[in-house]
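Engineer:
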Amino acid sequence: MTTSDEALARKERVKARWSILRRALIASSPDESLSTNDTTHPNSYSMNSFPGFGVLDRTPVDGTPSIFQSFDIDNLEWHVVQNSYTSRNGDKIQFYTREVKQQSQKMKRQALLSHRNYGVDNTGNVRVWDAESTLAGFLLDVILDESEDVGAAKVGLSLEDRADRLVNLTSLRKDLRSIFLTSTAEENCNSCSVLELGAGQAGLAGLSLAAASVGCLDGRKGKMKDLQLVLSDGHPHCVQNNEVCAQMMLTHREKEDTACKIDTRLILWDSSPKGFECCQQLLETFHICLASDCVHFQDYHDGLFMTIGRTLAVNGIALLCQPKRGSSLENFMSLVKYVNSGSAEGDCARGPLFEIFLLHDFHFKVSHQHNLLLNFDDAKNAAYDPNWHLPLLLCLKKRRLYDEESDGGLARLYLKKCYLGEKENSLKQNNRLAPYNPTHSSAQSKAIELLNLQSNDVLFDLGCGDAHLLVLALEAALKHEAEVHEAEVCDRREPERVKTFGLRCIGIEYDKSLAEKAKANIEKLTTRFRNEELWLSRTYIRWGDVMTEKERDDAECISSKGESVCEKVSNTNAEHLTLLNHATAVYVYLVPNGLKKVKPLLVEAAKRRRRQRELEEKVTHETSCASTQLTPRFRVVSYMFSIPGWTPVTVDTSSKGGCPLHYYEDVDLFDSGG
222 MTTSDEALAR KERVKARWSI LRRALIASSP DESLSTNDTT HPNSYSMNSF
272 PGFGVLDRTP VDGTPSIFQS FDIDNLEWHV VQNSYTSRNG DKIQFYTREV
322 KQQSQKMKRQ ALLSHRNYGV DNTGNVRVWD AESTLAGFLL DVILDESEDV
372 GAAKVGLSLE DRADRLVNLT SLRKDLRSIF LTSTAEENCN SCSVLELGAG
422 QAGLAGLSLA AASVGCLDGR KGKMKDLQLV LSDGHPHCVQ NNEVCAQMML
472 THREKEDTAC KIDTRLILWD SSPKGFECCQ QLLETFHICL ASDCVHFQDY
522 HDGLFMTIGR TLAVNGIALL CQPKRGSSLE NFMSLVKYVN SGSAEGDCAR
572 GPLFEIFLLH DFHFKVSHQH NLLLNFDDAK NAAYDPNWHL PLLLCLKKRR
622 LYDEESDGGL ARLYLKKCYL GEKENSLKQN NRLAPYNPTH SSAQSKAIEL
672 LNLQSNDVLF DLGCGDAHLL VLALEAALKH EAEVHEAEVC DRREPERVKT
722 FGLRCIGIEY DKSLAEKAKA NIEKLTTRFR NEELWLSRTY IRWGDVMTEK
772 ERDDAECISS KGESVCEKVS NTNAEHLTLL NHATAVYVYL VPNGLKKVKP
822 LLVEAAKRRR RQRELEEKVT HETSCASTQL TPRFRVVSYM FSIPGWTPVT
872 VDTSSKGGCP LHYYEDVDLF DSGG
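Using the working numbering, the letters of the sequence shown correspond one by one to residues 222 to 895.
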């Protein structure tokens, strides 16, 4: 797929997702919001368009027993879902949860204001996400199957990487089995404590362990330890429904003598002392912490990290299951590593808080389906995006006691640095005169035609991007010069002096990566025309801010003698040419606010060119020197947007797409009050 195709596809996805939100907000009925009569069918771009990996078999149950009607939340329509998992050996565990029906949901004002009202968003009430059921299936697979052969995908991995991943997964499964199970049925049955953070409306991962605890396990697989389970979420509606699911679990237990205790708690991931006090009220630390689809809340990374640190026991394991989702997972891992490295340095070094590793292939069913989805083309595959849908398992093993002051301080400091970095970057973006949005080559060619560039022109592209327009202009100039030179040689004429100057092209680009790309494109042109002096003498890409051109020009005063700009330019490398002192032609593709900012610079440049031209005309008249080349008139082409307060000589819409090119000349700049 080309870059332009990718851009169009991205715009289509964004448009479709806004359409989904609009329908959810204004639909008078659920059916209206989910209508498929629209040919654009925006729901195909929804996160829900991919059905998931189905690690748990999840089937709605007909009928509504009385226990499911004990809570009424927002008048939503609920149903009971049977969750079951069958191991490769045929062992099966099943349990029930109460969940909101997807078709019954409408966007409500309360849901949009969830952050303000409850300090947490509403995603846990929306649906049960696939990473939650995947983590539940993984835990049950660990309990039911002693095999370490999980059928991990090994395509594209080196032998060393395969070995490392297998060692990590094997070690993890062994550690988890020792936490969940006793080795024989005769041993004393110790307890196992588990905390699920961000459990959502159903808490599948935690409840899967409860189902194994209250179910009948084959003795040869070991006996489940007494389970102390806490399901927690930051949204009160999720906590209320977790209570219902816990009652359903204990009501359907197969073994009455099993000691399984399920509690529900409202826990916000709070990095403040208030969050520390909330965790202290739990009165114990946990062998296992579970979290699914939680790390994409990047504003709460420090709170999530500190909550795990506060609640997890030493040698305990935290399992976080989620897709990559852009940089969110990587950023959370960076926070963990930052605290680890910070706590291992200095006079009071105590060593890393967590051992950390990431598993890409941890369940045979996910690995198998992932490979199929990548290698076959159908409607389901088209909706699949590993970045958004493929669950990864992040494992944190706690190695020492958590210190609220030092470890928590490092976590807060890291997020603060990230915030300040993003804020600084945002300020830089605000200083930009326009975002990078390449102009179609047909429009650039038309702009060059409108400017009618001559060999004594100095062309500036303000925000040159990858310098494509400058390359087109230089290419045309070099071809023309070659033709003229060939004609002069054939006619045995002396070359005109003006022809020796040549068109000069200067690009100014704020983005460093684009500036480097622009330089590379110019160098390619230099190589193609075998003109090694082209880069230094006639072209230059300046990485910097257009708004600093005034400071640069202050160092380059216009000569008070009769030397024309053309004569000065002929002896000056392109690097030293400036907008105010030398530009005769300017191309801009800036947003209106950016045009407003650069307008004073353009006015000043136009005034200087006019004064210089008047001086040259006077000298020519007094000396009767007709051969003196006059400075070209100052011209500007603005693509898409007109320059505020200026009246264009012409507006051309003939290029592909019909987007306007506004052409200005210096006379019109001042006549229009510019």
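Note that beta-carbon positions come from the ideal geometry of N, C-alpha and C, so glycine has one too. Predicted model, so just to flag it, every value in this text is computed and none were measured.
Quick one: is His-517 buried, meaning 16 or more other Cβ sit within 10 Å of its Cβ, or exposed?
Structural biologist: It counts as buried.
Engineer: Is it the case that the Cβ atoms of Thr-760 and Leu-691 are separated by a distance below 8 Å?
Structural biologist: yes
Engineer: If contact is defined by three or more beta carbon pairs under 8 Å, each pair taking one atom from either stretch, is the segment 658-669 in contact with the segment 823-840?
Structural biologist: no
Engineer: With Asn-463 as the anchor, note down where its beta strand (DSSP E) starts and where it stops.
Structural biologist: First-last for Asn-463: 457-472, but that is the alpha helix (DSSP H), not the beta strand (DSSP E).
Engineer: Taking 8 Å as the cut-off, decide whether the C-beta atoms of Lys-545 and Leu-613 are in contact.
Structural biologist: yes
Engineer: Bridge partners of Ser-453, per DSSP?
Structural biologist: Arg-486
Engineer: By the 10 Å Cβ neighbour count, where 16 or more other Cβ atoms means buried, how is Arg-829 classified, buried or exposed?
Structural biologist: Answer is buried; the Cβ neighbour count reaches 16.
Engineer: Can you list, in chain order, the residues of its chain with a C-beta nearer than 6 Å to that of Lys-738? Leave out the 5 residues immediately preceding and following it.
Structural biologist: Asp-687
Engineer: Please classify Asn-794: does DSSP put it in a helix, a strand, or coil?
Structural biologist: Coil at Asn-794, not helix or strand.
Engineer: Give me whichever residues DSSP pairs with Ser-412 in a beta bridge.
Structural biologist: Ser-412 pairs with Asp-447.
Engineer: Name the DSSP beta bridge partners of Glu-417, please?
Structural biologist: Leu-452 and Leu-511
Engineer: Restricting to Cα atoms, I'd like to know which of Arg-531, Ala-420, Val-679 and Val-435 is closest to His-456.
Structural biologist: Restricting attention to Arg-531, Ala-420, Val-679 and Val-435, the CA atom closest to the CA of His-456 is found in Ala-420.
Engineer: Excluding the five sequence neighbours on either side, which residues of its own chain have a C-beta within less than 6 Å of the C-beta of Phe-681, listed in chain order?
Structural biologist: Ile-727, Leu-800, Ala-804 and Val-807
Engineer: Under 8 Å by Cβ, that's how I've got Lys-446 and Leu-402 pegged, so tell me the actual separation to the nearest angstrom.
Structural biologist: 7 Å
Engineer: I'd like the list of long-range same chain contacts for Leu-809, defined as Cβ closer than 6 Å, with 5 residues on each side in sequence excluded.
Structural biologist: The question names Leu, but residue 809 in the sequence shown is Val. Only Leu-683 and Ser-859 meet the Cβ criterion.
Engineer: Applying the 10 Å Cβ sphere with the 16-neighbour rule, what's the burial state of Ser-492?
Structural biologist: buried
Engineer: What residue range is occupied by the uninterrupted alpha helix (DSSP H) comprising Ser-666?
Structural biologist: First-last of the alpha helix (DSSP H) with Ser-666: 662-672.
Engineer: Which residue spans inside the segment 802-879 form an unbroken alpha helix (DSSP H) run of at least 4?
Structural biologist: Counting whole runs of 4 or more residues, the segment 802-879 contains the alpha helix (DSSP H) stretches 813-844.
Engineer: Would Cys-500 and Arg-319 be called neighbours here (beta carbons separated by less than 8 Å)?
Structural biologist: no
Engineer: Kindly indicate the opening and closing residues of the beta strand (DSSP E) around Phe-316.
Structural biologist: 313-321
Engineer: Span of the alpha helix (DSSP H) holding Gln-501?
Structural biologist: 494-501
Engineer: Could you tell me which of Val-388, Leu-418 and His-689 sits nearest to Ala-741, measuring between CA atoms?
Structural biologist: Checking every option, the nearest Cα to that of Ala-741 belongs to His-689.
Engineer: So, at 8 Å on beta carbons, what are the nonlocal neighbours of Phe-526 in its own chain, with the 5 sequence-adjacent residues on each side left out?
Structural biologist: Phe-553, Leu-556, Val-557, Val-560 and Ala-632
Engineer: CB Ile-529 to CB Cys-510, shorter than 8 Å?
Structural biologist: Contact flag set, yes.
Engineer: Any idea if Arg-832 is buried or exposed, counting beta-carbon neighbours within 10 angstroms, 16 or more meaning buried?
Structural biologist: exposed
Engineer: Can you grab the Cα-Cα spacing for the pair Leu-823 / Gly-879, in whole Å?
Structural biologist: 26 Å
Engineer: Find out if the Cβ-Cβ distance for the pair Phe-497, Glu-625 is shorter than 8 Å.
Structural biologist: yes
Engineer: Excluding sequence positions up to five away, which residues of its chain have a Cβ less than 6 Å from the Cβ of Thr-257?
Structural biologist: Low per-residue confidence applies at Thr-257: pLDDT is 37, beneath 50, and the placement is therefore not dependable enough to give any value.
Engineer: One question on the structure: do Val-349 and Lys-586 come within less than 8 Å of each other, judged by their Cβ atoms?
Structural biologist: Contact: no.
Engineer: So, is Leu-611 buried or exposed, given that buried needs 16 or more other C-beta atoms within 10 angstroms?
Structural biologist: buried
Engineer: Just the C-alpha distance for Glu-417 and Asn-596, rounded to the nearest angstrom, thanks.
Structural biologist: 35 Å
Engineer: Just tell me which of Gln-519, Glu-696 and Pro-607 has its CA closest to the CA of Ser-167.
Structural biologist: Here the chain comprises residues numbered 222 to 895, so residue 167 is not present and cannot be evaluated.
Engineer: How is Trp-350 classed by DSSP in three states: helix, strand or coil?
Structural biologist: coil
Engineer: On the CB-based measure, 16 or more other CB atoms within 10 Å of its CB, does Val-282 come out buried or exposed?
Structural biologist: Per the 10 Å Cβ criterion, exposed.
Engineer: Taking Cβ to Cβ, would you say Ala-423 is nearer than 8 Å to Ile-483?
Structural biologist: no
Engineer: Under a Cβ-count criterion, where at least 16 other Cβ atoms within 10 Å of its own Cβ denotes burial, should Thr-844 be classed as buried or exposed?
Structural biologist: By the neighbour-count rule (16 or more Cβ atoms within 10 Å), Thr-844 is not buried but exposed.
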